[in-house]
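The next block holds one structure in the form of structure tokens; read it before the comments.
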Amino acid sequence: MLESYLTGLVVCGGIIVAIGAQNAYVLGLATRRQYHWWSAGLCMGADLALLALGMFGVSALLLAMPATLEAMRWAGVAFLGWLAFHALRRALTGRQGLGLAGGEVRGLRQVVLATLAVTLLNPQVYLDTLLLIPAIGAQQDSAATFLAGAGTASVLWFSLLAWGGAALSPWLSRPVAWRLIDGAIGMMMAAIALKLATGQGIPVA
Numbered sequence: 001m002l003e004s005y006l007t008g009l010v011v012c013g014g015i016i017v018a019i020g021a022q023n024a025y026v027l028g029l030a031t032r033r034q035y036h037w038w039s040a041g042l043c044m045g046a047d048l049a050l051l052a053l054g055m056f057g058v059s060a061l062l063l064a065m066p067a068t069l070e071a072m073r074w075a076g077v078a079f080l081g082w083l084a085f086h087a088l089r090r091a092l093t094g095r096q097g098l099g100l101a102g103g104e105v106r107g108l109r110q111v112v113l114a115t116l117a118v119t120l121l122n123p124q125v126y127l128d129t130l131l132l133i134p135a136i137g138a139q140q141d142s143a144a145t146f147l148a149g150a151g152t153a154s155v156l157w158f159s160l161l162a163w164g165g166a167a168l169s170p171w172l173s174r175p176v177a178w179r180l181i182d183g184a185i186g187m188m189m190a191a192i193a194l195k196l197a198t199g200q201g202i203p204v205a
């Protein structure tokens, strides 16, 4: 059982650590200290729910509905493109540092909706949590223990993003720091949107 747990921890950890739209969004909130634990908690909950659904057979249903993946792909491209545009615009025009205005002031409702959109409009999230990870888990001695390990990886990673980003915020009070952060986030969002648009890594009908 320990081997199944460690396999789930390593497999899921290796997949989610790769910087993506979800990670970049949580990190951006954390460095501004804007409801970052709410966002991280939503990401953890979504991962746990999707992983559990994948382990219990939803993956087969999703594979039988390729049109659903295609619709999610283009919705994700549009949303990530919108996020990239605004991040790159802030990188070019600048913003006030954390010590002044902290950038865009967002309410809890906006953060929750944006977090859900970044999470649920990315087809790669479904491919990882409903297909890839459960496929590996099905080969383990204990699927439940594997799922526990995968869930632990998600909780640890998003906790690290939320805590680490907030811990670094005192050093991010200068506008130039935010230009670099916004530029990096904008380029990552644009790269992910381009990858989705071209179908790289996404099985299209």
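Every letter in the sequence shown is one number past the one before it in the numbering used here, and letter 34, counting from 1, is 34. Quick reminder that beta carbons are idealized off the backbone N, C-alpha and C, glycines included. Values in this document were obtained by computation on a predicted structure and should not be read as measured data.
Neighbourhood of residue i by C-beta distance below 7 Å, restricted to the same chain and skipping five residues each side
{"i": "R33", "result": "A166 and S169"}
{"i": "V176", "result": "none"}
{"i": "L234", "result": "As displayed, the chain neither begins before 1 nor continues past 205, which places residue 234 out of reach and without an answer."}
The alpha helix (DSSP H) enclosing residue i, as first and last residue numbers
{"i": "T129", "result": "T129 -> no alpha helix (DSSP H), and no H or E assigned at all."}
{"i": "F158", "result": "A143 to L168"}
{"i": "M55", "result": "H36 to M55"}
{"i": "Q22", "result": "A21 to R32"}
{"i": "Q110", "result": "L108 to L120"}
Which listed residue (the options) has its alpha carbon closest to that of residue i
{"i": "I181", "options": "L48, H86 and V10", "result": "H86"}
{"i": "V155", "options": "W37, A71 and G28", "result": "W37"}
{"i": "A190", "options": "I133, A84 and L6", "result": "A84"}
{"i": "D128", "options": "V111, A49, L6 and G81", "result": "A49"}
{"i": "G81", "options": "I16, A21 and A30", "result": "A21"}
{"i": "V114", "options": "Y35, F56 and L88", "result": "In the sequence under discussion, the amino acid at residue 114 is Ala, which differs from the Val named in the question. Measuring from the Cα of A114, the nearest candidate turns out to be Y35."}
{"i": "P123", "options": "E70, L29 and I15", "result": "E70"}
Within 9 Å, strictly: CB atoms of residue i and residue j
{"i": "L130", "j": "G54", "result": "yes"}
{"i": "A24", "j": "A184", "result": "yes"}
{"i": "G151", "j": "C12", "result": "yes"}
{"i": "L121", "j": "A75", "result": "yes"}
{"i": "V112", "j": "L29", "result": "no"}
Sequence-distant residues of its chain with Cβ nearer than 6 Å to residue i (five each side left out)
{"i": "S4", "result": "Q140, D141, S142, T145 and F146"}
{"i": "R90", "result": "D182"}
{"i": "G102", "result": "Any reading at G102 is ruled out, since the residue's pLDDT is 38, under 50, leaving its predicted position unreliable."}
{"i": "A153", "result": "L9, C12 and G13"}
{"i": "A162", "result": "A30, H36, W37 and A40"}
Cα-Cα separation, residue i to residue j
{"i": "S39", "j": "T198", "result": "29 Å"}
{"i": "M187", "j": "T119", "result": "18 Å"}
{"i": "L2", "j": "G8", "result": "10 Å"}
{"i": "A52", "j": "L108", "result": "27 Å"}
{"i": "D47", "j": "R179", "result": "30 Å"}
{"i": "V125", "j": "I133", "result": "11 Å"}
{"i": "G137", "j": "L92", "result": "45 Å"}
{"i": "I15", "j": "F56", "result": "20 Å"}
{"i": "L160", "j": "A67", "result": "36 Å"}
{"i": "V26", "j": "A117", "result": "12 Å"}
{"i": "W157", "j": "L88", "result": "26 Å"}
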